[in-house]
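The numbering used here puts the sequence shown at residues 4 to 184.
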Amino acid sequence: MPSPTPAHYDTLIRGGTVIDGTKGPRFDADVAILDGRIAAMGLLEGATATRTIDATGRIVAPGFIDSHTHDDMALLSQADMSFKVSQGVTTVVAGNCGISAAPLHPYTEILLSAVPVPNPRIKAQRLLLQGDPPSPANPPPGCRFHTRCPLAQPICSQERPALTQRPSAAAGGHWVACHFR
4 MPSPTPAHYD
14 TLIRGGTVID
24 GTKGPRFDAD
34 VAILDGRIAA
44 MGLLEGATAT
54 RTIDATGRIV
64 APGFIDSHTH
74 DDMALLSQAD
84 MSFKVSQGVT
94 TVVAGNCGIS
104 AAPLHPYTEI
114 LLSAVPVPNP
124 RIKAQRLLLQ
134 GDPPSPANPP
144 PGCRFHTRCP
154 LAQPICSQER
164 PALTQRPSAA
174 AGGHWVACHF
184 R
């Protein structure tokens, strides 16, 4: 997607290695997001954004690819793994499957609570999901997880939360899209 003239975007992901799902080879590019959609991809010199993310040395899988592993025990030994993408929206960037030993996104906390504890003397506290899952074909407005989130407030059904960096021991920090974390 070429960008004919420099433009201003909501988010600009700079310098990442893109795997785009076309079965073509990976390539280095910037990815621009405007109004929640990929607006441009390529060398976007001169482009500006409200938020810029430096993805140098990282894989960027724009839009619809969930490039992760389900080896949940790996999160204890590999602090810097892949993004968590759900229904085309990046929700967390930290640890395995977007999971870290200290998850910030409520949905990630619930998923992590389902991982079996290998010690029979420790009783795990399992968190349960309430409500109906959102439709991938017709996602709700705002945060896509608000229909099942224990922290949901009116803003969650109206406004999509921004992907925001939080302090973390993981390389690159911990990114989360939640109004309350």
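A virtual CB, placed ideally from N, CA and C, is assigned to each residue, including glycine. Given the structure is predicted, the values throughout are model-derived calculations rather than measurements.
Endpoints, the alpha helix (DSSP H) within which residue i is located
| i | result |
| --- | --- |
| residue 114 | 109 to 116 |
From the options, residue whose alpha carbon lies closest to that of residue i
| i | options | result |
| --- | --- | --- |
| residue 126 | 137, 134, 116, 184 | 116 |
| residue 112 | 122, 179, 21, 146 | 179 |
| residue 152 | 131, 141, 142 | 131 |
| residue 167 | 158, 20, 177 | 177 |
The beta strand (DSSP E) enclosing residue i, as first and last residue numbers
| i | result |
| --- | --- |
| residue 11 | 11 to 21 |
| residue 45 | 40 to 45 |
| residue 64 | Note, residue 64: premise wrong, no beta strand (DSSP E); not H, not E. |
| residue 182 | That residue, residue 182, is in no beta strand (DSSP E); it is neither H nor E in DSSP. |
Distance, residue j Cα to residue i Cα
| i | j | result |
| --- | --- | --- |
| residue 97 | residue 106 | Bear in mind that a pLDDT of 48 at residue 97, under 50, signals an unreliable position, so the number given afterwards is only what the model happens to contain. So the alpha carbons of these two residues sit roughly 9 Å apart. |
| residue 169 | residue 184 | 9 Å |
| residue 29 | residue 23 | 7 Å |
| residue 55 | residue 124 | 46 Å |
| residue 19 | residue 32 | 6 Å |
| residue 43 | residue 128 | 44 Å |
| residue 139 | residue 45 | 27 Å |
- Task: Kindly provide the ranges of any beta strand (DSSP E) runs that are 3 or more residues long and lie completely inside the region 117 to 171, ordered along the chain.
- Result: Taken in chain order, the complete beta strand (DSSP E) segments of 3 residues or longer contained in the region 117 to 171 are 166 to 169.
- Cβ contact check for the region 29 to 38 and the region 11 to 18: 3 or more pairs under 8 Å: Touching, yes.
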